[in-house]
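Student: I'd like to ask some things about the structure below.
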Amino acid sequence: MSAVLLALAVGIAGGVGAALRHLIDNAVPERLRRRYPWGILVVNLTGSFALGMVTGALTGDIATIVGAGLLGGYTTFSTASVDAARLLLERRLTAGAVGSLATVVACIAAAAVGCALASL
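Counting from -14, one number per residue, gives the positions in the sequence shown under this note's numbering.
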């Protein structure tokens, strides 16, 4: 695949991933989202697992399109960071600090499980 077509495919896949992220985040009831950003946690956990699977199972252009495009658009470190900052600014220190650390650890574990399963 040419570099231009690959970039176009990655961009389209990224848009689809971002739309999926929006749908999943908004599927979490507002009252739960106010307590903690559960939708973004679900997105980042499932996306980390899926990227682990993709990394272990796919190669070449399809891995780039699905990994960098779809899952890159789907997962979001920046939103998780802003959510943590908001929690800390609201003086919700446990939710902001502990939740963020737990999210990072859980996402790494999910990616590792995905990689391991894909290599079976």
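The C-beta atom is built at its ideal place from N, Cα and C for all residues, glycine as well. Please read all numbers here as calculations on a predicted model, not as lab measurements.
(1) Name the residue from Tyr21, Leu8, Val13, Gly37 whose alpha carbon lies nearest to the alpha carbon of Ala53.
(2) At which residues does the alpha helix (DSSP H) containing Ser66 begin and terminate?
(3) Tell me the DSSP secondary structure of Tyr59 in three-state form.
(4) Please classify Thr44: does DSSP put it in a helix, a strand, or coil?
(5) Can you tell me where the alpha helix (DSSP H) holding Arg77 begins and where it ends?
(6) What's the C-alpha gap between Thr79 and Val51?
(7) Locate the alpha helix (DSSP H) running through Gly(-1), then write down its first and last residues.
(8) When DSSP labels each residue in this structure, what does Leu102 get in the three-state scheme?
(9) Of the choices Val83, Thr44, Leu55, whose alpha-carbon is the least far from that of Ser104?
(10) For Thr49 and Ala97, what's the separation of their Cα atoms in angstroms?
(11) For the candidate residues Gly57, Gly99, Gly(-4), Leu86, whose alpha-carbon lies nearest to that of Ser66?
Tutor: If we stick to the structure as given:
(1) If you number the sequence shown from 1, residue 53 lands on position 68. Comparing Cα positions, the closest option is Gly37.
(2) On the sequence shown, position 81 is the one that residue 66 refers to. Per DSSP, Ser66 is one residue of the alpha helix (DSSP H) stretching across 62 to 74.
(3) As a working note, residue 59 is residue 74 in the sequence shown. Three-state DSSP puts Tyr59 in a helix.
(4) Walking along the sequence shown from the start, residue 44 turns up at place 59. Correct three-state label for Thr44: coil.
(5) Locating residue 77 in the sequence shown gives position 92, counting from the first residue. It is not in any alpha helix (DSSP H) - Arg77 carries neither H nor E in the DSSP assignment.
(6) Within the sequence shown, residue 79 is the residue found at index 94, counting from 1. Within the sequence shown, residue 51 is the residue found at index 66, counting from 1. In this structure, the CA atom of Thr79 is about 35 Å from the CA atom of Val51.
(7) Residue -1 sits at position 14 when you count from the first residue of the sequence shown. Start and end: -12 to 12.
(8) Sequence index remark: in the sequence shown, residue 102 carries index 117 (1-based). Note: Leu102 maps to helix in three-state DSSP.
(9) Residue numbering aside, residue 104 sits at position 119 when the sequence shown is read from its first letter. The residue with the shortest Cα to Cα distance from Ser104 is Thr44.
(10) As a first step, residue 49 is located in the sequence shown; it is residue number 64 there, counting from the start. As a first step, residue 97 is located in the sequence shown; it is residue number 112 there, counting from the start. Looking at the two C-alpha atoms, the distance is approximately 19 Å.
(11) Stepping through the sequence shown from its first residue, residue 66 is reached at position 81. Among Gly57, Gly99, Gly(-4), Leu86, the Cα nearest to that of Ser66 belongs to Leu86.
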